[in-house]
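Chains A and B supply the protein sequences, listed in that same order.
The working numbering numbers the first residue of the first sequence as 15 and each following residue consecutively.
The working numbering numbers the first residue of the second sequence as 14 and each following residue consecutively.
Even glycine gets a Cβ: it sits at the ideal position worked out from N, Cα and C.
What follows is one structure encoded as structure tokens, with my remarks underneath.
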Amino acid sequence: SSSTLLNDRSFEISNLPLSRAEKLIRELNLFPKLDVNVIDVTDSTLASAEEEVPSIVERSFR
Amino acid sequence: FPNIISDGGATVEDLGHHAGYFKLPKSQGARMFYFFFESRKKKDAPVVIWLTGGPGCSSELAMFYENGPFKIDKNMSLAWNEYGWDQASNLLYVDQPVGTGFSYTTDKSDIRHDETGVSDDLYDFLQAFFAEHPELANKDFYITGESYAGHYIPAFAARVHKGNRANEGVHVNLKGFAIGNGLTDPAIQYPAYPDYALEMGLITQAEHDRLEKIVPLCELSIKLCGTDGTTSCLASYLVCNTLFTGVMKHAGGVNHYDIRKKCEGSLCYDFSNMEKFLNLQSVRKSLGVGDIEFVSCSTSVYQAMLQDWMRNLEVGIPTLLEDGINLLVYAGEYDLICNWLGNSRWVNAMEWSGKENFKASKEVPFVVDGKEAGKLKSYGQLSFLKVHDAGHMVPMDQPKAALEMLKGWMENSLTGVDAVTTSTTTEGEDLVAQM
């Protein structure tokens, strides 16, 4: 309604949230393969080991 | 990271670089990934956690391009960052909210929608981290971050404070929290867009006045959103963002993170080397992330936060100040999207016992290497620093000043020894009332 009030076309599709998120990523020249890190329990070796691990698993690296 | 020395050797320990996963207890199947860099100098240095914004962007963005121990060279090797914040702290980077970076979940319902979820996860992580590193638990602890972390940081600080007061788990020695070019109080910061843009010559008076018509609508929508609205917050997001897009439509393609620059087409920065590096098999193997993808920024995490975006996170800050916890709000002067004017206004407007004294306090130069690097205003636990020659990412644009800022703030010596008081009280108002 505010767009009609102000005769403002800012409600164009490019300003909707998903577009803004994608624009943010493009602006930083980033190309993530996934849009979120949700892994499929069935095919991840990691997931199968899930139950036995303690709450924090840390390793040192160089 | 490549050329790692084999696992479990004592020499690796000495190097003090750690990475790990934490199983989030309040989730179906989420693991949060973190980096921990022991201080390069003093082992008894404070513990500092850095939170990246987005929302939905990974902590590695800041780690490699802002204030981490390393920079990535063109040939994918790492060079020490002379101004890494691990020079002054034991430094933590966490990929959060879950779903970004190497943090992952097996259940989409774990994706966080608000600051309660974010702050609980960070609090639970911190408890486990200090249980893993008991030698650090009694160190001074500071929460820092940038941009949308202007939401995360006060929420996390309040959660830590609540946990301490209720004697939950390990007592955390929280000393302060710092918000860089943040979004904390949208009701004040969004209406500041046209004012900042006019002041910086990005828009004309006529365009300013036209955008001003939206301000009452935006303010009303934020009031309806309040601290726990849902769809009203979504509506507020759409309404209020016309203030920002309205400015950008007339700002001639400036980089909204740094109005001194222009974006090349849709490209404002090039952080692609980070993705290349973190997807190297040798690096992934070193970090122990197995086949987990690296998600530099997550559109889903971004969208999941839409109802959170317009919420006011300033409300929990006065209690922290009254209880002696320090707050530093700093902002690069050329950032539009989380500009210094909007930040200065909400800081000055905060209702706490030191409000009038803070407003009346003198503005002093923040001096680094004998040169003014910013303008500082402070009283009691509260400090506001406008950083010269910097945009949205102050540690990237002014690395030395940023490190000196961190050191000075943690040592309560931000004003420094050679600060020269050059301004009068009225100029203090300048930071706020100039418009």
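Could you tell me which of the options sits nearest to residue i, measuring between CA atoms?
i, options, result
"residue 182 of chain B", "B/401, B/384, B/136, B/213", "B/136"
"residue 71 of chain A", "B/65, B/36, B/72, B/82", "B/36"
"residue 247 of chain B", "B/318, B/279, B/277, B/261", "B/318"
"residue 126 of chain B", "B/382, B/324, B/403", "B/324"
"residue 408 of chain B", "B/359, B/393, B/192", "B/192"
"residue 392 of chain B", "B/368, B/386, B/405, B/381", "B/368"
"residue 129 of chain B", "B/78, B/164, B/419", "B/164"
"residue 420 of chain B", "B/99, B/225, B/73, B/75", "B/99"
"residue 168 of chain B", "B/146, B/199, B/133, B/138", "B/133"
"residue 344 of chain B", "B/405, B/249, B/411, B/48", "B/405"
"residue 49 of chain B", "B/82, B/69, B/71", "B/82"
"residue 310 of chain B", "B/31, B/55, B/281, B/66", "B/66"
"residue 383 of chain B", "B/258, B/359, B/215, B/417", "B/417"
"residue 207 of chain B", "B/259, B/156, B/235, B/179", "B/259"
"residue 52 of chain A", "B/142, B/256, B/121", "B/121"
"residue 29 of chain B", "B/274, B/131, B/51, B/43", "B/51"
"residue 458 of chain B", "B/307, B/226, B/93, B/107", "In the structure displayed, chain B extends from 14 to 448; residue 458 of chain B sits before or after that span and is not available."
"residue 74 of chain A", "B/413, B/410, B/118, B/296", "B/296"
"residue 327 of chain B", "B/71, B/147, B/190, B/178", "B/190"
"residue 320 of chain B", "B/241, B/360, B/141", "B/241"
"residue 31 of chain A", "B/281, B/68, B/425, B/232", "B/68"
"residue 280 of chain B", "A/40, A/50, A/35", "A/40"
"residue 4 of chain B", "B/380, B/342, B/264", "Residue 4 of chain B lies beyond the range of chain B shown here (14 to 448); nothing can be said about it."
"residue 251 of chain B", "B/322, B/288, B/389, B/394", "B/322"
"residue 161 of chain B", "B/256, B/140, B/198", "B/198"
"residue 306 of chain B", "B/75, B/95, B/56, B/118", "B/118"
"residue 70 of chain B", "B/158, B/362, B/377, B/379", "B/158"
"residue 36 of chain A", "B/308, B/358, B/410", "B/308"
"residue 79 of chain B", "B/415, B/428, B/425, B/146", "B/415"
Tell me the DSSP bridge mates of residue i?
i, result
"residue 113 of chain B", "B/111"
"residue 157 of chain B", "B/63, B/191"
"residue 185 of chain B", "According to DSSP, which records beta bridges pairwise, residue 185 of chain B is partnered with nothing at all."
"residue 281 of chain B", "Residue 281 of chain B pairs with nothing; no bridge assigned."
"residue 31 of chain B", "A/74, B/49"
"residue 396 of chain B", "B/341, B/391"
"residue 268 of chain B", "B/271"
"residue 44 of chain B", "B/36, B/117"
"residue 379 of chain B", "B/387"
"residue 296 of chain B", "DSSP, once it has assigned bridges, lists no residue as partnering residue 296 of chain B."
"residue 308 of chain B", "B/114"
"residue 407 of chain B", "DSSP output for residue 407 of chain B lists no bridge partner at all."
"residue 302 of chain B", "DSSP, once it has assigned bridges, lists no residue as partnering residue 302 of chain B."
"residue 52 of chain A", "B/118"
Got a sec: is the Cβ-Cβ distance from residue i to anything in chain C below 8 Å?
i, result
"residue 193 of chain B", "In summary, chain C is missing from the structure at hand, where the protein chains are A and B."
If the cut-off is 7 Å on Cβ atoms, which residues from the segment 271-295 of chain B count as contacting chain A, listed in chain order?
276, 279, 280, 281, 282, 283, 284, 285, 288
Against chain A: residues of the segment 101-125 of chain B by CB proximity under 9 Å:
108, 111, 112, 113, 114, 115, 116, 117, 118, 119, 120, 121, 123, 124
Any chance the segment 389-402 of chain B sits against the segment 310-320 of chain B, with 3 or more Cβ pairs inside 8 Å?
no
Give the residues from the segment 294-323 of chain B that approach chain A closer than 8 Å (Cβ to any Cβ), ordered along the chain.
299, 300, 301, 303, 304, 305, 306, 307, 308, 309, 310, 311, 312, 313, 314, 315, 316, 319
So within the segment 53-105 of chain B, which uninterrupted beta strand (DSSP E) runs reach at least 3 residues, ignoring any that extend past its ends?
60-64, 83-85, 91-93
Which runs of the beta strand (DSSP E) at least 3 residues long sit entirely within the segment 169-248 of chain B? Give them in chain order.
187-195
Should the segment 332-351 of chain B be regarded as contacting the segment 263-282 of chain B, the criterion being three or more beta carbon pairs within less than 8 Å?
yes
Do the segment 166-178 of chain B and the segment 30-48 of chain B touch if we need at least three Cβ pairs shorter than 8 Å?
no
Inter-stretch contact (C-beta, 8 Å, three-pair minimum) for the segment 291-301 of chain B and the segment 372-386 of chain B:
no
Does the pairing of the segment 179-193 of chain B with the segment 215-222 of chain B give three or more beta-carbon distances under 8 Å?
no
Using 8 Å as the cut-off, can you tell me whether the segment 46-64 of chain B makes contact with the segment 93-111 of chain B, which would need three or more C-beta pairs spanning the two stretches below that distance?
yes
At least 3 beta-carbon pairs within less than 8 Å: the segment 147-157 of chain B vs the segment 108-119 of chain B:
no
Identify every run of the beta strand (DSSP E) within the segment 314-367 of chain B, keeping only runs that are complete inside it and at least 3 residues long; order them along the chain.
339-345
Interfacial residues, the segment 139-162 of chain B to chain A, with Cβ spacing under 8 Å:
141, 142, 144, 145
Name, going along the chain, the residues of the segment 213-241 of chain B whose beta-carbon falls closer than 7 Å to a beta-carbon of chain A.
226, 227, 230
In the segment 387-406 of chain B, which residues sit with their C-beta less than 7 Å from some C-beta in chain A, listed in chain order?
none
Short of 9 Å Cβ to Cβ, which residues in the segment 338-354 of chain B face chain A?
none
Chain-ordered residues of the segment 81-96 of chain B with a beta carbon less than 7 Å from chain A:
none
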